[in-house]
Every structure is written in structure tokens, then in C-alpha cells.
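Q:
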Amino acid sequence: MSQALSESTQLPSDLASAILFEIEQTFRGQVPNLFQAYAKYPPLLEASWNKFKSIMLAGKLRREVKEVMALLISHDNECKYCVAAHTAVLHEMRFNEEKIAGMLQNVLPPVFTEKEMALIKFARKANNDWHKISETNIKELFDLGIDESELLEAFGVMEMFIAFNRFADVMGIEIDF
11 MSQALSESTQ
21 LPSDLASAIL
31 FEIEQTFRGQ
41 VPNLFQAYAK
51 YPPLLEASWN
61 KFKSIMLAGK
71 LRREVKEVMA
81 LLISHDNECK
91 YCVAAHTAVL
101 HEMRFNEEKI
111 AGMLQNVLPP
121 VFTEKEMALI
131 KFARKANNDW
141 HKISETNIKE
151 LFDLGIDESE
161 LLEAFGVMEM
171 FIAFNRFADV
181 MGIEIDF
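Sequential numbering from 11 applies to the sequence shown in this note's numbering.
1. Taking the straight line between their C-alpha atoms, what separation do you get for F45 and M168?
2. With a Cβ-Cβ cutoff of 7 Å, do F171 and S58 count as a contact?
3. For L162, which residues of its own chain have a beta-carbon under 8 Å away from its beta-carbon, when the five flanking residues on both sides are left out?
4. What did DSSP end up calling R176 once you bin it into helix, strand or coil?
5. Do A173 and L129 count as a contact pair if the criterion is CB distance below 7 Å?
6. Whose C-beta lies closer than 8 Å to the C-beta of I65 among residues of the same chain, with five residues either side of it excluded?
7. Assuming A94 and I156 are in contact, meaning their beta carbons sit under 8 Å apart, how far apart are those beta carbons, in whole angstroms?
8. Going by alpha carbons, who is nearest to K70 out of S159, F187 and F177?
9. Tell me where the alpha helix (DSSP H) around P42 begins and ends.
10. Have a look at N34 and A47 and give me their C-alpha separation to the nearest angstrom.
11. Assign T19 to buried or exposed, taking buried as 16 or more other Cβ atoms, counted over all protein chains shown, within 10 Å of its Cβ.
12. Please tell me whether L55 and A28 are closer than 7 Å, where the distance is taken between their beta carbons.
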């Protein structure tokens, strides 16, 4: 844990304990340091976990697509913690180092459909160049058959990881993957 966060001996609240238990079950026995840090303010832990579940563990888009979005957005935002976390998840999903390195260099592997690749690129553009997004860009996505809920889900991944990236960096969350 970072110096920015105290090593509290205080027990987490009942709310935080229940959420941390659910996180531990979801991540097969591990509670990522990011969520442990959020537990110091249980309402933020609850909101962050609920958002994570709603976006990353549910929805129309495949989990692999969302994990790649999380990795690339975190890479672009220079969040070492989130890059390590999502690299580890992608390894579990059988993405090797070569594929991951390629994705970091804008080379998406052929495991993604044209729609998925477009959404990954769009989420990255929305993170890096949001002020240059035009109606034409969005129309191009719709023309590929992407529906509004898929677009919003991709936006959800992007904006959630902007917040996670900032939180992890500012709080100096220690890499635990």
C-alpha cells in the first residue's frame, strides 16, 4: 500500500466487509489493492464495485473486448497499476506477451470482429482525443452495426478506467498482480 494511504488497523465497516468478500469470491481469493484502498471509504467502494460489475462482468460486449479497452486506456493514461492488472487478466484469457505488446502498438489480433475492433479504437480515441469526436465518428460505428447500448458500454469502460487510473496513480496503489 502507498504512503498516501495509511495502513489502518481499523476494521472495515460491515458494508465494506461484505463487498470485499464478494470481490474476493469474484477474483478467486484475491482482493485487488485498488478495491482495498476504496474500502477506506465504503460508499466509494460500493459505487466503484457496482460499476465494475455492471460494466466489466455484464453487458453485450465480450469480456475480452472490455479488458483490451481497459489495458489500452490504462496504458495511454500511464497507469502502471491498471496496466499490470489487465495484462494479468488478459494472460488468463490466453493472450500472450506478443499479442499484448502488439495491442499496445495499435495492432489488434484477429480474434476480434470488425465491430469489436472499431469499438476498441473508438474507446481509445474517446480517452485520448475526446474533443475531436464527431457525429461522423459515431455514425461510422452505427453503420458497422454497433448499437447504442454497445457504444455506451464501451464509453462506460473508458470513463470508469479514467477514474480508476487517476485514483490508482494519485493514491500510489501498489501493484499486486
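Here a beta-carbon is modelled for each residue, glycine too, at the ideal position from N, C-alpha and C.
A: Let me spell this out:
1. Residue 45 sits at position 35 when you count from the first residue of the sequence shown. Residue 168 sits at position 158 when you count from the first residue of the sequence shown. The straight-line gap from Cα to Cα measures roughly 18 Å.
2. What you label residue 171 is simply residue 161 of the sequence shown in a count that begins at 1. What you label residue 58 is simply residue 48 of the sequence shown in a count that begins at 1. It is not a contact, given that the beta carbons lie outside the stated cut-off.
3. Here residue 162 refers to the residue found at position 152 when the sequence shown is read from its first residue. Excluding sequence neighbours, L162 sits near nothing in its chain.
4. As a first step, residue 176 is located in the sequence shown; it is residue number 166 there, counting from the start. In this structure, R176 counts as helix in the three-state DSSP scheme.
5. Stepping through the sequence shown from its first residue, residue 129 is reached at position 119. Stepping through the sequence shown from its first residue, residue 173 is reached at position 163. Contact: no.
6. What you label residue 65 is simply residue 55 of the sequence shown in a count that begins at 1. Closer than 8 Å at the Cβ level, and outside the excluded window around I65, lie K76, E163, G166, V167 and M170.
7. Reading the sequence shown from its first residue, position 84 is the one you call residue 94. Reading the sequence shown from its first residue, position 146 is the one you call residue 156. Actually they do not touch by this definition, with Cβ atoms about 30 Å apart.
8. Numbered from 1 along the sequence shown, position 60 holds the residue referred to as residue 70. For K70, the nearest C-alpha among the options comes from S159.
9. For the purposes of this step, residue 42 is identified with residue 32 of the sequence shown, where counting begins at 1. Looking at the DSSP string, P42 is not in any alpha helix (DSSP H), and its letter there is neither H nor E.
10. Position 24 of the sequence shown, counted from the first residue, corresponds to residue 34. Position 37 of the sequence shown, counted from the first residue, corresponds to residue 47. First, the amino acid is wrong: residue 34 is Glu here, not Asn. Approximately 14 Å between the Cα atoms of the pair.
11. The residue given as residue 19 occupies position 9 in the sequence shown. In this prediction, T19 scores a pLDDT of 46, lower than 50, which makes its location untrustworthy; the coordinate-derived value is nonetheless stated afterwards. Exposed, because fewer than 16 other Cβ atoms sit within 10 Å of the Cβ of T19.
12. On the sequence shown, residue 55 is found 45 positions in, with the first residue counted as 1. On the sequence shown, residue 28 is found 18 positions in, with the first residue counted as 1. Contact flag unset, no.
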